[in-house]
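This report concerns only the one structure given below.
Residue numbers (our numbering): 11 to 271.
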């Protein structure tokens, strides 16, 4: 029986909220996080959950926008070895005069913790949802990181163990695919927050666009197309490591990861 309790977590100063397991710790309590990001980690499983508000990308097509952002995570670090596992179709619905488009995608890539070299790369499965708020010029990203093969030389090997991590269910936890779905489908704006009190201008834009209960149904429809659980790795990645913080990417992973180019 799963004992992975979840709760609603305030994001961006309370302007936005999402539900996910309490085992995910707020990284901003440990180090500085950019204003447009909210980052949570479970160090015991080396899993991460990132929320991000970006300026809208008008040159990116709605069909496959989540895939574009996944590839952007790799391209900003000249990554090789990125594999697209699955992508959803486009879900679109009007919210008054605000157009919202949702796409989701899953990919695999090899990355290293901190500034470790390529010999310490972990194979990670990445889940990404892109909520496109065109009329308010915002792309919302929800990104989940799940290690599926941990190098014995990685910093992750000490707390998690090298090789294939123990299945989440075996440890009484929600699988990362379900954590991702829960976080995205429960993503909402707290309408009790008065206008002008949100933490950032980006949060203001998101709040103006997302105050609509139909969002949950839209996200569920898009995520229903995705497979459950990770795809077993076929073998070690052949990509090469590039030093440098991953935060150089506009759509960033947690700072303790760097992309393997």
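Virtual Cβ for every residue (Gly too), placed ideally from N, Cα, C.
The model shown is predicted, which means the values in this text are computed figures rather than measured ones.
Please determine if the region 111-130 and the region 73-82 are in contact, where contact requires at least 3 C-beta pairs separated by less than 8 Å.
-> yes
Can you name the start and end residues of the alpha helix (DSSP H) that residue 286 belongs to?
-> The structure shown does not extend to residue 286, since the chain spans only 11 to 271, so no value can be given for it.
From what residue to what residue does the alpha helix (DSSP H) around residue 60 run?
-> Numbered from 1 along the chain shown, position 50 holds the residue referred to as residue 60. It is not in any alpha helix (DSSP H) - residue 60 instead sits in the beta strand (DSSP E) that spans 57-65.
Name the two residues that bound the continuous alpha helix (DSSP H) containing residue 27.
-> Residue mapping note: residue 27 aligns to position 17 of the chain shown, counting from 1. Taken as a continuous stretch (DSSP letters only), residue 27 belongs to no alpha helix (DSSP H), being part of the beta strand (DSSP E) at 26-31.
Contacts around residue 129, its chain only, beta-carbon distance under 6 Å, and the 5 residues preceding and following it disregarded = Within the chain shown, residue 129 is the residue found at index 119, counting from 1. Correct list, in chain order: 163.
Quick check: the region 172-183 against the region 15-29, are there 3 or more CB pairs under 8 Å?
-> no
What separation, rounded to the nearest whole angstrom, lies between the Cα atoms of residue 159 and residue 191?
-> The residue you call residue 159 lines up with position 149 of the chain shown. The residue you call residue 191 lines up with position 181 of the chain shown. Roughly 22 Å separates the two Cα atoms.
Decide if the region 56-63 is in contact with the region 36-47; the criterion is three or more beta carbon pairs, one per stretch, under 8 Å apart.
-> yes
What is the rounded straight-line gap between the Cα of residue 84 and the Cα of residue 92?
-> Within the chain shown, residue 84 is the residue found at index 74, counting from 1. Within the chain shown, residue 92 is the residue found at index 82, counting from 1. Looking at the two C-alpha atoms, the distance is approximately 7 Å.
Buried or exposed for residue 15, please, with buried defined as at least 16 other CB atoms from any protein chain shown within 10 angstroms of its CB.
-> Translated into positions along the chain shown, residue 15 becomes position 5. Burial call: exposed.
Kindly indicate the opening and closing residues of the alpha helix (DSSP H) around residue 85.
-> In the chain shown, the residue the question calls residue 85 occupies position 75. Its alpha helix (DSSP H) spans residues 75-85.
Cα separation between residue 28 and residue 153?
-> Within the chain shown, numbered from 1, the residue matching residue 28 stands at position 18. Within the chain shown, numbered from 1, the residue matching residue 153 stands at position 143. When rounded, the distance between both Cα atoms is 13 Å.
In the structure shown, what three-state DSSP assignment does residue 43 receive?
-> The residue labelled residue 43 in the question sits at position 33 within the chain shown. Coil at residue 43, not helix or strand.
For residue 165, collect the residues of the same chain with a Cβ closer than 6 Å to its Cβ; drop the 5 residues on either side in sequence, then sort them by chain order.
-> Reading the chain shown from its first residue, position 155 is the one you call residue 165. Contacts found: 123.
Within 8 Å, strictly: CB atoms of residue 54 and residue 185 = Within the chain shown, residue 54 is the residue found at index 44, counting from 1. Within the chain shown, residue 185 is the residue found at index 175, counting from 1. Not in contact: residue 54 and residue 185 (Cβ atoms no closer than 8 Å).
Residue 20, enclosing alpha helix (DSSP H) - first and last residue | Locating residue 20 in the chain shown gives position 10, counting from the first residue. Premise fails: residue 20 lies in the beta strand (DSSP E), 16-21, not in any alpha helix (DSSP H).
So residue 188 and residue 67 are in contact, right, with Cβ under 8 Å, and what is the actual spacing, rounded?
-> Here residue 188 refers to the residue found at position 178 when the chain shown is read from its first residue. Here residue 67 refers to the residue found at position 57 when the chain shown is read from its first residue. Contact doesn't hold; Cβ gap of about 28 Å is too wide.
Using the C-alpha atoms, what's the distance from residue 42 back to residue 179?
-> Sequence index remark: in the chain shown, residue 179 carries index 169 (1-based). Sequence index remark: in the chain shown, residue 42 carries index 32 (1-based). Answer to the nearest angstrom: the Cα atoms are 32 Å apart.
Under 8 Å, do residue 34 and residue 56 count as touching if we go by C-beta distance?
-> Locating residue 34 in the chain shown gives position 24, where the first residue counts as 1. Locating residue 56 in the chain shown gives position 46, where the first residue counts as 1. Contact flag unset, no.
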